[in-house]
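Under numbering that gives the first Met the number 0, the letters of the sequence shown match residues 0 to 230, in that order.
Ideal Cβ placement from N, Cα and C applies to all residues, glycine included.
Just so you know, these numbers come straight off a predicted model, no measurement behind them.
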Amino acid sequence: MTPEQIQEVKNLRELGLSPKQIARKLGVRPVAITAIIQKQGEEEYLAKVEKGELSPLKHCVINKSAAQHLLQSHKPKNSSEELDNIGFAQILVTRIERNKLCVCSSLVDIYCLGVKDAIEPRRMDIIQYQNFLREVYRNFEGGYVEITLEEAQSIIFGAIEYADKLGFKPHKDFEAVKPLLGTPPDKLLSMEFGKDGKPFYISGPYDNEKKIINTLKQSVGEGNFKYMMAL
0 MTPEQIQEVK
10 NLRELGLSPK
20 QIARKLGVRP
30 VAITAIIQKQ
40 GEEEYLAKVE
50 KGELSPLKHC
60 VINKSAAQHL
70 LQSHKPKNSS
80 EELDNIGFAQ
90 ILVTRIERNK
100 LCVCSSLVDI
110 YCLGVKDAIE
120 PRRMDIIQYQ
130 NFLREVYRNF
140 EGGYVEITLE
150 EAQSIIFGAI
160 EYADKLGFKP
170 HKDFEAVKPL
180 LGTPPDKLLS
190 MEFGKDGKPF
200 YISGPYDNEK
210 KIINTLKQSV
220 GEGNFKYMMA
230 L
């Protein structure tokens, strides 16, 4: 559709017309109108977020193994309940936007690289969200648990600070995620990053391994970090 038609969709929507009514008026398929309305809704929401107009928080969740490792509130009561720590925290922050949910995701390398991947805010209904949750955490032992927003902020921004000292920046898509997290507290919760007091790099399929290792050599020096290469 042309930019003029897209603007007309917005104007007619503001007048209260349904997608089917707009489609008939413009002579296009209703599915095309629905897609445009959804995109406009996402753009309007992100514009509000950038202005600091955050919608109510639904919840924050993280893979259980990371919560056990990082947060005192989730430490297992006995060793039989303890999960293997894999070095990654998968965090979702979800807010309520009218009759939809807006969710963003951060994959945090708590041993070395900080925010390694991010998914920009997406709007979805409750069924889509439940399916999304299952898909995101299906490969994590123990699934996921709820945490507070302060805990989520402390993990994400704490890992970014740690990685920055090592010479690494967060994933480029994190800029779109950051506004949805809100303003972090002046003092982040205390937690340990790295492994056994040192950076520990675990290589991934899309990493520039040589560049990362060279960066670590420059920032902390040979012998002051560990790494594990993918087979």
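query, result
"What are the residues that DSSP puts in a beta bridge with F199?", "K225"
"Less than 7 angstroms between C-beta atoms, sequence neighbours within five positions excluded: which residues of the same chain meet that for G157?", "L187, M190 and F192"
"Taking the alpha carbon of E221 as the reference point, which residue from I212, D163 and Q127 has its own alpha carbon closest?", "I212"
"Out of curiosity, what's the CA-to-CA distance linking N98 and D124?", "7 angstroms"
"L179 and P120 - do their beta-carbons sit closer together than 7 angstroms?", "yes"
"Let me make sure I understand the geometry here. Which of K115, V60 and D116 has the alpha-carbon closest to that of L91?", "V60"
"Please classify L14: is it buried, with 16 or more other beta-carbons within 10 angstroms of its beta-carbon, or exposed?", "exposed"
"Taking E145 and H58 to be in contact with their CB atoms under 8 angstroms, please state how far apart those CB atoms are, rounded to whole angstroms.", "5 angstroms"
"Spatial neighbours of S72 within its chain, please: CB distance less than 6 angstroms, with the 5 preceding and 5 following residues excluded, ordered by chain position.", "none"
"Do you know offhand how far K24's Cα is from V8's?", "10 angstroms"
"Can you grab the Cα-Cα spacing for the pair L165 / F199, in whole Å?", "11 angstroms"
"For F139, which residues in the same chain have their Cβ closer than 6 angstroms to its Cβ, ignoring the five residues on either side in sequence?", "N62"
"Does the beta-carbon distance from Q89 to L106 come in below 7 angstroms?", "yes"
"Just reading off the alpha helix (DSSP H) that F87 is part of, what are its end residues?", "Segment F87 to E96 is the beta strand (DSSP E) holding F87; no alpha helix (DSSP H) there."
"Residues in its own chain within less than 7 angstroms of V219 by CB, not counting five upstream and five downstream?", "L165 and P198"
"Check each candidate in G86, A151, P183 and Q217 and name the one with the smallest Cα separation from D195.", "G86"
"Assuming I118 and A65 are in contact, meaning their beta carbons sit under 8 angstroms apart, how far apart are those beta carbons, in whole angstroms?", "The Cβ separation is near 17 angstroms, so there is no contact."
"Use the C-beta contact count for S104: other C-beta atoms within 10 angstroms, 16 or more gives buried, fewer gives exposed.", "buried"
"If distances are taken between C-alpha atoms only, which option among F131, P184 and R137 comes closest to E150?", "P184"
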